[in-house]
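S.K.: Submitted below is the structure of interest, expressed as structure tokens.
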Amino acid sequence: MTRPVRTRIAPSPTGAPHVGTAYMALFNLAFAQKNQGKMVLRIEDTDQERSTKESEEAIIQSLQWLGIEWNEGPDRGGNFGPYRQSERKGIHSEHVQLLLDQGNAYPCFCTTERLNEVRAKQMQAKETPRYDGHCLQLSREESQRKIDAGEKYVVRLKVPSEGQCTFNDELRGEVTIDWKQIDHQILQKSDGFPTYHLANVVDDHLMEISHVIRGEEWISSTPKHVLLYQYFKWDAPVFAHLPLLRNPDKSKLSKRKNPTGINYYRDAGYLPEAMSNYLGMMGYTLPDQREIFSIKELSESFDIKRMSLGGPIFDLAKLKWLNGRYLREKLTAEEVVRRLLEWKLNPEFLGEILPHALPRLENFSDFIPLAGFLFDEHPVLDFSSLIGKIEPSDASKLLKICEWELEKIRSWDRDNIAQVFQNMAEKEEKKLKEILPLFFQTISGSNVSLPIFDSMNLLGLDLVRIRLRRALELLASEGAGLSKKGLKSLEKQYRLQYGDRID
RNA sequence: GUCCCGUUCGUCUAGCCAGGUCAGGACACCGGGUUUUCAUCCCGGCAACAGGGGUUCGAAUCCCCUACGGGACGCCA
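Each residue of the first sequence is one higher than the one before, counting from 252 in my numbering.
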């Protein structure tokens, strides 16, 4: 008897909703639907430092925008809850305890410093960095004494030191990895929260997930998961590792090189059905080679074996073409009008713009030239207007720093944005007035426009970022860009002056 | 560096598993037509089996090696 098909998507709520998440979700959904199964949304918020409620809400909202529906999740319940890992901490610790009792896991008291040293040494010796088993030598009594004395510790997975692990990947067949390559993975952090590996395996099992369909990046840690299933004496699910979406330079899709936020595409005026259609054709083609299809059509004929394994490059040009076809062929004129109104031509958004525009208006005709850039995917820039009186090389530097600094903003609002620029002017020992024209041009493509901080606030980080990048590209094409070396030294200097970057 | 995964036009891909069609389609690009402009639409063109070796009458397809690309190597997921 085969078990009912249950798939899951397990995003970590640590930032803006990512197209990669949507990509995986789409195929998990298609697979579940094709097999009369269910899809679960599980929020993996075991990283207490970075997880936020806002991010969780944003992820749920943007997946829904795309038309991706799940059967069970924190927002709608189900019989296998809770669906938020932070609420399952007790379950996870019980399982960690079980492993400790079995002797398949052990407490580790090593300091970060020691671990770094060991790692560095191994790298130098051209070995795969791996925990050296230092605390494995501790007797149970010794460990207990340390714990009782209040020493901080983590729990590590005991991994065989010889032999190899072979598991089956639904798309690639057998994959074999030496146990020697596998680290004694931390299962429980010193804050008592489980790591991904433990929580993921335990929850997948308890939620009766039959097929784990996830990104290729997980292949190398699958042996850890397989081992956990063995230790717990559970049947492992079927694993299928999908290719990763790529930047044009073939590296893993990243916001530094591509808009990766789902909301970017919404805000830039793409249709959700075009977006999910486009994602569906990354690495997959319907048996009849149709290019225009809905999630429902994708699901009806979905065959996971048809996935291609080479990482597809996320190409804006084709997405744009596809979106155009939806606009022209799939929607009626009335529907397009309605969508346009829903998008940005609604009283709420116009109402937010108006207070900034009104003092500058003499008649309605003035409105569009003034505020049009808020509706652009990005404005067309002109080199000499862009740099104005500023040194071109300074311009590149400021734009880059601005990008890094804006990414640090926890809550995107006018005041926090203004603060970034105040701070930047101070650190760069320039007057705000001197550096701002550059950003007026970058954001609006003009120096006759709305107040810059409010404009940025209205645009949102994603749309601001692409403008910064466009400006940077223009400068580079005029020979005023940052060289690889220049970027490196700028980053170093930046860290000193502004603190670490956030990725 | 070590291990794992991958590789068909610039890009997304069909074909591969069950060897035998001028390697097909789409985006982009170029050219032509329709359109009072532009866009749409239509027609045409450019363009790929990473390299080498094997198996075979025959290899994009099966096997091996090399190269290249990617991913993983965190008290992130």
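We put the beta carbon where it would ideally sit given N, CA and C, even for glycine.
What does the alpha-carbon distance come out to for the pair Gly561 and Asn509?
M.R.: Each residue's alpha carbon lies about 19 Å from the other.
S.K.: What are the boundary residues of the alpha helix (DSSP H) that Val256 is part of?
M.R.: Element bounds for Val256: n/a, residue is neither H nor E.
S.K.: Buried or exposed for Thr253, please, with buried defined as at least 16 other CB atoms from any protein chain shown within 10 angstroms of its CB.
M.R.: Flag for Thr253 reads exposed.
S.K.: Assuming Val291 contacts Pro358 under a Cβ cut-off of 8 Å, what Cβ separation, rounded to an integer in Å, is found between them?
M.R.: Not confirmed; about 32 Å, so no contact.
S.K.: Using only alpha-carbon positions, find the residue among Cys653, Met526, Gly443 that is nearest to Phe565.
M.R.: For Phe565, the nearest C-alpha among the options comes from Met526.
S.K.: For Ile464 and Ile619, I'd like the C-alpha separation in whole angstroms.
M.R.: Approximately 46 Å between the Cα atoms of the pair.
S.K.: Under DSSP, the beta strand (DSSP E) around Lys651 begins and ends at which residues?
M.R.: Premise fails: Lys651 lies in the alpha helix (DSSP H), 643 to 658, not in any beta strand (DSSP E).
S.K.: So, Arg335 versus Asp298, is the Cβ gap smaller than 8 Å?
M.R.: Taking 8 Å as the Cβ cut-off, Arg335 and Asp298 do not qualify as a contacting pair.
S.K.: Can you tell me where the beta strand (DSSP E) holding Ile464 begins and where it ends?
M.R.: That run of the beta strand (DSSP E) goes 462 to 466.
S.K.: What residue range does the alpha helix (DSSP H) around Lys678 cover?
M.R.: Segment 665 to 678, the alpha helix (DSSP H) holding Lys678.
S.K.: Run the CB neighbour count on Val715, radius 10 Å, all protein chains shown included, and call it buried at 16 or more, exposed below.
M.R.: Counting Cβ neighbours within 10 Å, Val715 comes out buried, since at least 16 surround it.
S.K.: Here's the rule I'm using: 16 or more other beta-carbon atoms within 10 Å means buried, otherwise exposed. How should Arg257 be labelled?
M.R.: Buried is the call here.
S.K.: What residue ranges within the stretch 529 to 614 form continuous alpha helix (DSSP H) runs of no fewer than 4 residues, ordered along the chain?
M.R.: Runs found: 546 to 552, 567 to 576, 584 to 594, 598 to 608.
S.K.: State the Cα-Cα distance for the pair Asp434 and Lys377, rounded to the nearest angstrom.
M.R.: Each residue's alpha carbon lies about 15 Å from the other.
S.K.: According to DSSP, is Arg746 part of a helix, a strand, or is it coil?
M.R.: Looking at Arg746 - three-state DSSP - the assignment turns out to be helix.
S.K.: Whose C-alpha, out of Tyr274, His269, Asn286, is nearest the C-alpha of Ser552?
M.R.: Checking every option, the nearest Cα to that of Ser552 belongs to Asn286.
S.K.: Taking the straight line between their C-alpha atoms, what separation do you get for Asp518 and Lys684?
M.R.: Distance between the alpha carbons of Asp518 and Lys684 is about 29 Å.
S.K.: Between the Cα of Lys475 and the Cα atoms of Asp429, Pro499, Glu548, which residue gives the shortest distance?
M.R.: Of the candidates Asp429, Pro499, Glu548, the one whose C-alpha sits nearest the C-alpha of Lys475 is Asp429.
S.K.: CB of Ala727 to nearest heavy atom of the ligand GTP: below 7 Å?
M.R.: This structure simply doesn't include the ligand GTP, nor any ligand for that matter.
S.K.: Which value, in whole angstroms, describes the spacing of the CA atoms of Val631 and Glu368?
M.R.: Val631 and Glu368: Cα-Cα distance of roughly 50 Å.
S.K.: Quick check: the Cα distance between Glu677 and Val699, rounded to an integer number of angstroms?
M.R.: Cα to Cα, Glu677 sits roughly 25 Å from Val699.
S.K.: Can at least three beta-carbon pairs, one atom from the stretch 639 to 647 and one from the stretch 728 to 737, be found at a separation below 8 Å?
M.R.: Touching, yes.
S.K.: Identify every residue that forms a DSSP beta bridge with Val369.
M.R.: Partner(s): none; Val369 has no beta bridge.
S.K.: What is the residue span of the beta strand (DSSP E) that His492 lies within?
M.R.: Counting along the chain, the beta strand (DSSP E) containing His492 begins and ends at 489 to 493.
S.K.: Going by DSSP, which residues form a beta bridge with Asn419?
M.R.: Its beta-bridge partners are Glu425.
S.K.: For the beta strand (DSSP E) containing Leu292, name the first residue and the last one.
M.R.: Taken as a continuous stretch (DSSP letters only), the beta strand (DSSP E) holding Leu292 covers 289 to 292.
S.K.: With DSSP as the reference, identify every bridge partner of Ala356, one or two as the case may be.
M.R.: In the DSSP output, where bridge partners are listed per residue, Ala356 has Leu408.
S.K.: For a quick check, are the C-beta atoms of Phe331 and Glu468 less than 8 Å apart?
M.R.: For Phe331 and Glu468, no; Cβs fall outside 8 Å.
S.K.: Answer yes or no: do Gly466 and Met275 have a C-beta to C-beta separation smaller than 8 Å?
M.R.: Yes, these two residues count as a Cβ contact at 8 Å.
S.K.: Distance check for Tyr404 and Phe360, CA to CA, integer angstroms please.
M.R.: Those two C-alpha atoms are separated by around 5 Å.
S.K.: Taking the continuous alpha helix (DSSP H) assigned at Leu712, which residues delimit it?
M.R.: Unbroken alpha helix (DSSP H) run through Leu712: 712 to 728.
S.K.: Which partner residues does Gly324 have in the DSSP bridge list?
M.R.: Paired residue(s): Gly328.
S.K.: Flag this pair as yes or no: are the beta carbons of Gln432 and Thr379 separated by less than 8 Å?
M.R.: Yes, Cβ-Cβ distance for Gln432 and Thr379 is below 8 Å.
S.K.: So who's on the other strand from Ile437, going by DSSP bridges?
M.R.: According to DSSP, Ile437 bridges with Arg407.
S.K.: Near Leu637, what residues of its chain come up, given a Cβ to Cβ distance below 8 Å and the 5 sequence neighbours on each side ignored?
M.R.: Closer than 8 Å at the Cβ level, and outside the excluded window around Leu637, lie Ala646, Leu689, Gln692, Thr693, Ala722, Leu725, Leu726.
S.K.: By alpha-carbon positions, which one of Tyr447, Asp399, Ile437, Val426 ends up nearest to Gly384?
M.R.: Minimum Cα distance to Gly384 is reached at Ile437.
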